[in-house]
Amino acid sequence: MSTNRLILLVCVLNVLAVAAGVAVNHWLLQSALVSQKPGAESRKANNKKKAEPSVEFVFLPVEKIILSLPGRDREYYFVLDVVLQGPAGTDKKKLEQVVPMVRSSVAANLSSLQADELRALGFEALRQRLVEGLNADFATQNAAKPFDNLLISKLIAQ
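Using this note's numbering, you'd call the opening residue of the sequence shown number 374 and step up by one each time.
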């Protein structure tokens, strides 16, 4: 057999192999699509959307609340960043107006602790303590609280 005929035969066999692969892929995909019920995926997606509440929030960070707490041998510094979380319709200006009150409440609430006590508090216990302190401070001053929740975004202990 000549070289030209051999090259032509190899090319034809390659084309047939590729065509067979495409045909098998097409057949497998068609059988997989037929076995699925039409619209099943969209119904599942709609059910997921209905099951998961789509609640949106407004967040306002309150950064760098710096505390100096006494320790056994010296003072320790703590840096705390919190975030105010309000419902979606909350005006950011209302949140910004209460930032000084939030800073004061957090500082007053934690300044009575020793450095070791603050370190020993768990993250959720610290957040709960701050939320309770804020609720009490807003209640004593008869101030409207424009946020629903307080989140701790950063806690750095010296």
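Ideal Cβ placement from N, Cα and C applies to all residues, glycine included. Small disclaimer: the values here were computed from a predicted structure and weren't measured.
Would the segment 498-510 count as touching the segment 439-447 if we require 3 or more Cβ pairs under 8 Å?
These segments do not touch.
Please work out which residues of its chain come closer than 7 Å, Cβ to Cβ, to Phe511, disregarding the five sequence neighbours upstream and downstream, and give them in chain order.
In the sequence shown, residue 511 corresponds to position 138, counting from 1. So the list reads Lys518, once near-sequence residues are dropped.
Near Leu451, which residues of its chain fall below 6 Å by C-beta distance, leaving aside the five closest residues on each side in sequence?
Working through the sequence shown from its first residue, we reach residue 451 at position 78. Strictly speaking, residue 451 in this sequence is Phe, with Leu absent from that position. Same-chain partners within the cutoff: Leu440, Ala530.
So the alpha helix (DSSP H) Glu469 belongs to, where does it begin and stop?
Counting from 1 along the sequence shown, the entry for residue 469 is found at position 96. Here the alpha helix (DSSP H) through Glu469 covers 465-470.
Taking the C-alpha atoms as reference points, what is the distance between Thr463 and Val431?
Your numbering for residue 463 matches position 90 in the sequence shown. Your numbering for residue 431 matches position 58 in the sequence shown. Their Cα atoms are separated by approximately 7 Å.
Note the first and the last residue of the continuous alpha helix (DSSP H) segment covering Asn508.
Along the sequence shown, one-based indexing puts residue 508 at 135. Per DSSP, Asn508 belongs to the alpha helix (DSSP H) from 496-513.
Leaving out five residues before and five after Leu486 in sequence, what residues of the same chain have Cβ atoms less than 7 Å from its Cβ?
Here residue 486 is taken as the residue at index 113 of the sequence shown, counted from 1. So the list reads Leu442, once near-sequence residues are dropped.
To the nearest angstrom, report how far apart Glu469 and Asp489 are at their CA atoms.
In the sequence shown, counting from the first residue as 1, residue 469 sits at position 96. In the sequence shown, counting from the first residue as 1, residue 489 sits at position 116. Approximately 32 Å, taken between the alpha carbons.
So which of Gln403, Asn377, Ser477, Val455 has the shortest CA-CA distance to Ala509?
Position 136 of the sequence shown, counted from the start, is the residue given in the question as residue 509. Measuring from the Cα of Ala509, the nearest candidate turns out to be Ser477.
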